[in-house]
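For reference, the structure is listed below as structure tokens.
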Amino acid sequence: MTFLKLANSTQSKLIGKILRTSMLLDTIILFSVFTLFFSYSHYQLKNQYHDKLISLASTAAQLIDPKEHNALGTREDEQSQAYKEIKLLLGEFKKVNSDIIKIYTIKKAAEEIQWEFVVDAEEEEPSHIGDLYDLSQLEELKKAYNGPIIKKAYVQSQLGSMLLGYAPIRDENGNAIALVGIEMDLRTIHAENVHISLGALILFFLALGLVLFITHKVSNYFLAPLQDIVFGIQELQRGNLSYKIKIQTKDEFEDLGKLLNMTSNMMVEHQKTIIQNLQKEKKQKFRLLKVYSDVISSVTQGKFNLITPYRAKIFSSKGELLDKISLQNPQDVNRARELVSQVLEDQHYRVNNVMHLQLCVSEAATNVLKHAGSGGLEIRKMDDFLRIVIWDKGQGMDYDKLPHMIFLQGFSTKISMGVGISLIYKFAHKIYLTTSENGTSLLMDFQLH
Amino acid sequence: MLLEIESNKQGLVGELHLAGVLDISTVDAFKNSLDYFQDVKEFKIDFARLNFIDSTGIGGILEGIKRFQSLSISITIINISKDVYEIFDILGLPEVFGHDIFKTCK
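These protein sequences, in sequence, are chains U and W.
Its first residue numbered -4, the first sequence is counted upward by one per residue in our numbering.
Its first residue numbered 140, the second sequence is counted upward by one per residue in our numbering.
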């Protein structure tokens, strides 16, 4: 991955991480807040209904005449005026409050643990005086004699979920003689709970969306300097080392920008140093080549000449091209020798010793294959010379070893240093050599008779 | 074929006849042919029909000479032409390995 793509990818990943972290934290916080909100609302609603139930039951209990109520003992008393009044009263409560499923009065039966209905406001199939009351509410009934009470747990019945409340009917002495019981439908509470939940949920998602939007905007704002840094790195990658990042946010991004600028300054300095060193090296190399060239030419009395690639190009194009061959594999060495012999024969040229000429061609061509892998050979006719040009595109030879190759006596040394050059020097009339990291060209002149 | 090699072995005497050229393209074949003569006491390489040799070929010959000398096998190169002997002489081979090894054509 390029540096620029890495930088862009890093920025996107950063923003992504911030958003995900923010989303997680915001969800936890908002969820907690809205759960609390919902719980509080539900608690308030429940208390509201509890208060309402107690209030209704207490009010009804106070409105009932205890003496008249006490007088109701048998089923025949259901025809009495007192019964009807009390039933009517209870009926009014039910009519006015649609949540009331049932409203009635009850009292202790002859047996202490039994309770029985007295007046039931129900019009269809009411409970009659003396009908036994549900004993599962016994604990509440006992407590209700002391004061209004709500059954804490909701009761499940055929009619659904409901709330039970009791309030005592007291005589003139303040003694509880009976209870008013109210059964209240909870469907309304449930419906209001659903509304609260929906409202809370909608608010939760709205709040979450708003928070994420703000987080995204804030992240982009704080990460904006990263864009400048990415752009700066891009310029460096293009080689524009003079580009300077300008961030003035007085935070870590500004520090990073300054650091990158310092780094690019260092790179500029290093680049200058490298260029200077390379130029120096080139000059030194040229001077050294000149020295070697002068020495070798002088010692060989002009027979062996080190020349520049430019001069070699000129020398290689002089004269008439008679034939050429490429050197790719070992068999081409023999083909090169045969080609030279053939040219001599076809052109009726004569040299001092054909064997020597063939040997020089063989040595030069073999060197090309051994040191450069491949190259070429040209045969050119000069005025009274035959010029053999052999070239390759290898990495060049160490010309500082040339004196040893040419002059050193002793076979064992020659074998290690390169016998070919020595033999070529022996048998060719004149030699020109150029060598560099771009390749080597060897020009051998042979006198024609 | 650029180099023809004929191998003869009679008892403890071996002979290798070379015909053609001994250069970079044929020197490996020459070196491999020497393996046949590991068990002789006397070994000759006949240059009578060798038309050309360069420094790569000479390098192969020298390897053979060193190898057989290390096995205490007497080795000589016979029927060397004047031109080829000139090259050996330029390179100083007779001085290094002994004139007895290099026999020219009569």
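From the three backbone atoms N, C-alpha and C, an ideal C-beta is built for every residue, glycine too.
With distance defined between alpha-carbon atoms, name the residue in the options nearest to residue i.
| i | options | result |
| --- | --- | --- |
| Gln296/U | Leu136/U, Lys425/U, Tyr128/U | Lys425/U |
| Glu202/W | Phe169/W, Val152/W, Gly237/W | Phe169/W |
| Gly227/U | Ser214/U, Tyr216/U, Ile242/U, Ser27/U | Ile242/U |
| Thr16/U | Thr258/U, Val206/U, Glu80/U, Trp110/U | Val206/U |
| Ser220/W | Ile212/W, Arg206/W, Phe191/W | Phe191/W |
| Lys239/U | Leu251/U, Lys245/U, Asp246/U | Leu251/U |
| Asn256/U | Lys280/U, Glu247/U, Leu231/U | Leu231/U |
| Ile229/W | Leu354/U, Gly125/U, Val384/U, Asp379/U | Leu354/U |
| Ala104/U | Lys79/U, Leu136/U, Asp94/U | Leu136/U |
| Ser156/U | Phe208/U, Val294/U, Ile184/U, Ser7/U | Ile184/U |
| Tyr140/U | Lys146/U, Ala171/U, Ala116/U | Ala171/U |
| Ile419/U | Ala360/U, Glu373/U, Ser7/U | Ala360/U |
| Pro304/U | Gly391/U, Met262/U, His343/U | Gly391/U |
| Gly314/U | Ile10/U, Val91/U, Arg382/U, Asn272/U | Arg382/U |
| Leu159/U | Asp46/U, Lys245/U, Phe422/U, Phe380/U | Asp46/U |
| Val160/W | Gln177/W, Gln149/W, Asp193/W, Asp174/W | Asp193/W |
| Ala173/U | Glu118/U, Lys365/U, Gln57/U, Lys245/U | Gln57/U |
| Asp162/W | Ile226/W, Ser209/W, Val179/W, Gly199/W | Gly199/W |
| Met350/U | Gln279/U, Met400/U, Glu333/U | Glu333/U |
| Pro61/U | Asp166/U, Asp223/U, Phe422/U, Lys365/U | Asp166/U |
| Gly234/U | Ile224/U, Phe217/U, Phe281/U, Ser259/U | Ser259/U |
| Tyr99/U | Leu84/U, Asn215/U, Val91/U, Gln109/U | Leu84/U |
| Ser431/U | His444/U, Ala423/U, Gly389/U | Gly389/U |
| Ile13/U | Ile209/U, Ile224/U, Lys280/U | Ile209/U |
Pull up the DSSP beta-bridge partners for residue i, would you.
| i | result |
| --- | --- |
| Gly176/U | Tyr99/U, Tyr161/U |
| His156/W | Glu145/W, Asp185/W |
| Glu111/U | Lys102/U, Leu127/U |
| Ser436/U | Trp386/U, Thr429/U |
| Gln442/U | Phe380/U |
| Asn300/U | Tyr427/U |
| Ala171/U | Arg165/U |
| Thr215/W | Lys183/W |
| Phe191/W | Val160/W |
| Ile320/U | Leu372/U |
| Glu445/U | Only positions -4 to 444 of chain U appear in the structure, and residue 445/U is not among them; the question remains open. |
| Phe241/W | Ile216/W |
| Ile145/U | Gly160/U |
Among residues of its own chain, excluding the 5 on either side of residue i, which ones have a beta-carbon nearer than 6 angstroms to its beta-carbon?
| i | result |
| --- | --- |
| Asp387/U | Val363, Ala367, Gly370, Gly434, Thr435 |
| Thr408/U | Low local confidence applies: a pLDDT of 43 at Thr408/U is under 50, so the model's placement there is unreliable, with the coordinate-based value given in what follows. Correct list: empty, nothing qualifies. |
| Ile59/U | Ile81, Ile164 |
| Glu181/W | Val152, Ser213 |
| Ile184/W | Leu155, Ile216 |
| Pro143/U | Ile49, Ala52, Ser53, Ala162 |
| Phe406/U | Its pLDDT being 49, under 50, Phe406/U is placed unreliably in this model, and the coordinates cannot settle the point. |
| Val223/W | Ile192 |
Pop quiz: residue i and residue j are said to be a contact at Cβ under 8 angstroms. What is the actual Cβ separation, rounded to whole angstroms?
| i | j | result |
| --- | --- | --- |
| Ile96/U | Asp180/U | 5 angstroms |
| Tyr287/U | Leu437/U | Actually they are not in contact, since the Cβ atoms of Tyr287/U and Leu437/U sit about 16 angstroms apart, beyond 8 angstroms. |
| Pro220/U | Phe248/U | 4 angstroms |
| Phe32/U | Ala195/U | 6 angstroms |
| Ala66/U | Ala52/U | That pair is no contact at about 22 angstroms. |
| Ala331/U | Val290/U | Contact doesn't hold; Cβ gap of about 31 angstroms is too wide. |
| Ser146/W | Ser172/W | 6 angstroms |
| Val166/W | Gly196/W | 6 angstroms |
| Arg375/U | Leu322/U | The Cβ separation is near 16 angstroms, so there is no contact. |
| Ser293/U | Asn300/U | That pair is no contact at about 11 angstroms. |
| Phe176/W | Leu157/W | Actually they do not touch by this definition, with Cβ atoms about 14 angstroms apart. |
Excluding the five sequence neighbours on either side, which residues of its own chain have a C-beta within less than 8 angstroms of the C-beta of residue i, listed in chain order?
| i | result |
| --- | --- |
| Met(-4)/U | For Met(-4)/U, the predicted structure reports a pLDDT of 49, less than 50, and the residue's modelled location is therefore unreliable. The matter cannot be settled from this model. |
| His493/U | What is shown of chain U runs -4 to 444, which leaves residue 493/U out entirely. |
| Ile401/U | Ile291, Thr295, Phe299, Ile416, Ser417, Tyr420 |
| Val263/U | Leu236, Ser237 |
Taking 7 angstroms as the limit between beta carbons, can you name the residues of its chain near residue i, skipping five residues before and five after?
| i | result |
| --- | --- |
| His123/U | Arg70, Glu73, Phe112 |
| Lys308/U | none |
| Tyr427/U | Asn300, Ile302, Ala307, Phe310, Leu438 |
| Leu352/U | Val335, Val346, Phe441 |
| Pro233/W | Phe227, Phe241 |
| Glu117/U | Lys97 |
Is any non-hydrogen atom of the ligand COA found closer than 7 angstroms to the C-beta of residue i, if you look at the structure I gave you?
| i | result |
| --- | --- |
| Asn348/U | You won't find the ligand COA in this model; it holds no ligand whatsoever. |
Please report whether the beta-carbon of residue i lies at a distance below 8 angstroms from any beta-carbon of chain A.
| i | result |
| --- | --- |
| Lys319/U | Looking at the structure shown, chain A is missing, and the protein chains on hand are U and W. |
- Message: If the cut-off is 7 angstroms on Cβ atoms, which residues from the stretch 344 to 370 of chain U count as contacting chain W, listed in chain order?
- Response: Going along the stretch 344 to 370 of chain U in chain order, one finds Met350, Gln353, Leu354, Ser357, Glu358, Thr361, Leu364 with a Cβ nearer than 7 angstroms to chain W.
- Query: Given a limit of 7 angstroms on CB to CB distance, which residues of the stretch 416 to 440 of chain U reach chain W?
  - Reply: So the list reads Leu418, Lys421, given in the order they occur along the chain.
- Item | Under 9 angstroms (Cβ pairs) to chain W, residues found in the stretch 311 to 329 of chain U | Taking 9 angstroms as the Cβ-Cβ cut-off against chain W, the residues of the stretch 311 to 329 of chain U that qualify are Asn324, Pro325, Gln326, Asp327, Val328, Asn329.
- Task: Would you list, in chain order, the members of the stretch 284 to 297 of chain U that have their beta-carbon closer than 7 angstroms to a beta-carbon of chain W?
- Result: Under the 7 angstroms Cβ criterion, the stretch 284 to 297 of chain U contributes no residue.
- Could you run through the stretch 174 to 193 of chain W and flag, in chain order, every residue whose CB is less than 8 angstroms away from some CB of chain U? Only those residues of the stretch 174 to 193 of chain W whose C-beta falls short of 8 angstroms from the nearest C-beta of chain U are listed: Phe191, Asp193.
- Could you please tell me which residues of the stretch 145 to 170 of chain W, in chain order, have their CB closer than 8 angstroms to any CB of chain U? Cβ contacts with chain U come from Val160, Asp162, Ile163, Ser164.
- Item | Near-chain U residues of the stretch 221 to 233 of chain W (beta-carbon distance less than 8 angstroms), N- to C-terminal order | Going along the stretch 221 to 233 of chain W in chain order, one finds Asp222, Ile226, Ile229, Leu230, Gly231, Leu232 with a Cβ nearer than 8 angstroms to chain U.
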